[in-house]
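To start, the structure itself, in structure tokens.
Residue numbers (the numbering used here), protein chains in the order written: chain P, 1 to 340; chain F, 341 to 680.
Now the structure itself:
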């Protein structure tokens, strides 16, 4: 007799995101049906009941936790999280702290989600501020970029922590045992770049990570390394360019083929799916907030049911990959010879 | 009787670039045939004679200036320019200073070209270091990015000078009388971004330029402003991503259509030209080095004849657009209320 597999319970801010609560609840129900996670919906019970009434959830692993209200997109995150300790995002985060859930996900506004995570779960020692990242394009499905988050003005040691985080990401989410790490730069030679890149290079070289040197901007599409590190200002700019680039170039391309209406029509369907797979590559939308002492996954504000299910899956992998403890262990190892 | 049009004489380092002197001379001959410029080839006379002997240049507006040698790619630019005052790049630059030519172009290594320009022509007052930029993609043919050059660690006032330079670029090369200027950032709201962006915003707002606020990474393809300013580290990363992105995405796309061999074959020819036009958009390869007190155009190291002809045309437009004096005038205007 096999023991029933323990499902990973994941709290969801049912009230966060452009399509909350409808699409959030819908995605949670889908995920529950797949059977690998136990979604824990957090929001005002009456709203949750109303949404759940739309589905047949008998026997499904899905729970609810009541919250008194929620934080609106336009509210000041720091103030709102403090003033509304019973808001859906706060309750969801606290459920991770208390152990009621093992992780949380939310399409909540970044500010509120991060503030709540900082307040109720705190940072891992050795990391100053939250870090996000991931694979940007199907063209380079084994290449992740860190940081795409809040670390705009970085010190060299920050890039080192991004490299550690990226290494764990690549191991757990991409299945690469010894991921290569590279520094984003304007040329491949050591000594190139701005002050940050020049100073981070030797630190990465001595880190004990699988550092292969500098890569240039195109590497996020050509996949020259499994992990590419940069500050979040550069990362964000590249991310947004790459995000729109796929569909723009494909659109341009299709436009050029418009002169051949019959062929064009035949192709349009096929090409649409090609473009879609290219654009949807952006796994950042289901992105773990690294550095928080707990598994917290931020979804894009405009996430729909499919993205919710993906984010729940992402959180499950993070829990099962034990990313928080892996990160603590790696940080401790590095700190034996480099002071973070 | 109409007066014969005065041709713009442009010195060329005939020894600079991966395909020098063959492709450089070939491009110069092409440009001379078009009749709008008078190329002035600079290099060892014997080499120039040998190359020119391959063409019928009788009656063509083309001249030579002898140089004793040239600077090799691997030499230290600062030392080489000092030690070789009679190298082709140095002689070409000096010909602009002396008035023998009105501008110069070179596929010379960037370091040597810039060092030579700095030494023999100097910087315009109010600009610290050379600036380069231009249109990155045919998807946004009316959008130029500055800086893509050497200004890796910028102060806010540097971004202001990029905005002035970009404005002149857009007027002269894109024919836009009152170009819109935007700051590259991670969000559109004022106050977003790294320290540089946050501090540059108010400066741009008060500049008297046609500043429209922040734009995000995708704007270099969607063309939300005529001029987008950023430091050269970010600019270079975006440039290299965009440069490779077009062909990579198109390649991916074509690959997806491979399943339809007959249609694919039919399309391949058409699509190749579409991709080519997308990729060749990179006008940076014919890029003026802004801030130098004279018109100096840097070509890509792997430029061939066609790129040489384009660079000569680019230099001619810069001379006829009087960009150096325009820049001095605009700088003076801004300095009345902002200290650069």
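By construction, the Cβ of each residue, glycine as well, lies at the ideal position given by its N, Cα and C atoms.
Which residues in the same chain have their Cβ closer than 6 Å to the Cβ of residue i, if we skip the five residues on either side of it in sequence?
i, result
"residue 663 of chain F", "508, 512"
"residue 504 of chain F", "670"
"residue 279 of chain P", "Because the pLDDT of residue 279 of chain P is 48, which lies under 50, any placement of that residue in the model is unreliable, and the question is left without a value."
"residue 318 of chain P", "288, 295"
"residue 31 of chain P", "37, 39, 309, 312"
"residue 188 of chain P", "214"
"residue 73 of chain P", "109"
Is residue i helix, strand or coil by DSSP?
i, result
"residue 372 of chain F", "helix"
"residue 69 of chain P", "strand"
"residue 15 of chain P", "coil"
"residue 285 of chain P", "At residue 285 of chain P the pLDDT is 40, less than 50, meaning the model places this residue with poor confidence; the figure from the coordinates comes in the next sentence. Helix."
"residue 671 of chain F", "helix"
"residue 43 of chain P", "strand"
"residue 292 of chain P", "strand"
"residue 662 of chain F", "coil"
"residue 595 of chain F", "helix"
"residue 676 of chain F", "coil"
"residue 26 of chain P", "helix"
"residue 280 of chain P", "Its pLDDT being 43, under 50, residue 280 of chain P is placed unreliably in this model, and the coordinates cannot settle the point."
"residue 77 of chain P", "helix"
"residue 49 of chain P", "helix"
"residue 20 of chain P", "coil"
"residue 313 of chain P", "helix"
"residue 539 of chain F", "helix"
"residue 304 of chain P", "coil"
Closer than 8 Å by C-beta to residue i: which residues in its own chain qualify, once you throw out the five before and the five after it? Chain order, please.
i, result
"residue 338 of chain P", "157, 160, 203, 206, 207"
"residue 241 of chain P", "none"
"residue 192 of chain P", "185, 186, 198, 214"
"residue 1 of chain P", "Per-residue confidence for residue 1 of chain P stands at a pLDDT of 47, beneath the threshold of 50, marking its modelled position as unreliable; no derived number is given."
"residue 592 of chain F", "none"
"residue 563 of chain F", "479, 480, 481, 482, 483"
"residue 95 of chain P", "11, 40, 42, 65, 101, 104"
"residue 518 of chain F", "550"
Among residues of its own chain, excluding the 5 on either side of residue i, which ones have a beta-carbon nearer than 7 Å to its beta-carbon?
i, result
"residue 364 of chain F", "352, 354, 357, 447, 648"
"residue 199 of chain P", "156"
"residue 419 of chain P", "The structure shown does not extend to residue 419 of chain P, since chain P is modelled only from 1 to 340, so the question has no answer here."
"residue 537 of chain F", "523, 525"
"residue 110 of chain P", "298"
"residue 45 of chain P", "64, 66"
"residue 315 of chain P", "10, 103, 105, 295, 297"
"residue 371 of chain P", "Given a span of 1 to 340 for chain P in the structure shown, any question on residue 371 of chain P remains unanswerable."
"residue 285 of chain P", "Unreliable placement is indicated for residue 285 of chain P, whose pLDDT of 40 sits below 50; the coordinate value is still reported in the next sentence. The answer, listed in chain order, is 299, 300, 303, 307."
"residue 112 of chain P", "71, 77, 80, 81, 89"
"residue 387 of chain F", "361"
Tell me residue i's beta-bridge partners as DSSP assigns them.
i, result
"residue 378 of chain F", "F:349"
"residue 63 of chain P", "P:40"
request  = Return the chain-ordered ranges of every alpha helix (DSSP H) run that is complete within the segment 541-592 of chain F and spans a minimum of 4 residues.
outcome  = 559-562
request  = Starting from the N-terminal side, write out each stretch of the alpha helix (DSSP H) that is 4 residues or longer and does not extend beyond the segment 449-527 of chain F.
outcome  = 450-460, 496-514
request  = Indicate whether the contact test is met: 3 or more Cβ pairs, each with one atom in the segment 109-120 of chain P and one in the segment 193-211 of chain P, closer than 8 Å.
outcome  = no
query = Which parts of the segment 84-111 of chain P are runs of the beta strand (DSSP E), unbroken and 3 residues or longer, counting only runs that do not cross its ends?
reply = 103-106
ask   = Is the segment 576-592 of chain F in contact with the segment 233-250 of chain P, if contact means three or more CB pairs nearer than 8 Å?
value = yes
task = Determine contact between the segment 403-416 of chain F and the segment 466-485 of chain F, defined as no fewer than three beta-carbon pairs at a distance below 8 Å.
result = no
message = With three or more C-beta pairs closer than 8 Å as the rule, is the segment 392-402 of chain F touching the segment 415-423 of chain F?
response = no
message = Across the segment 433-442 of chain F and the segment 476-489 of chain F, are there enough close Cβ pairs to call them in contact, namely three or more that are closer than 8 Å?
response = no
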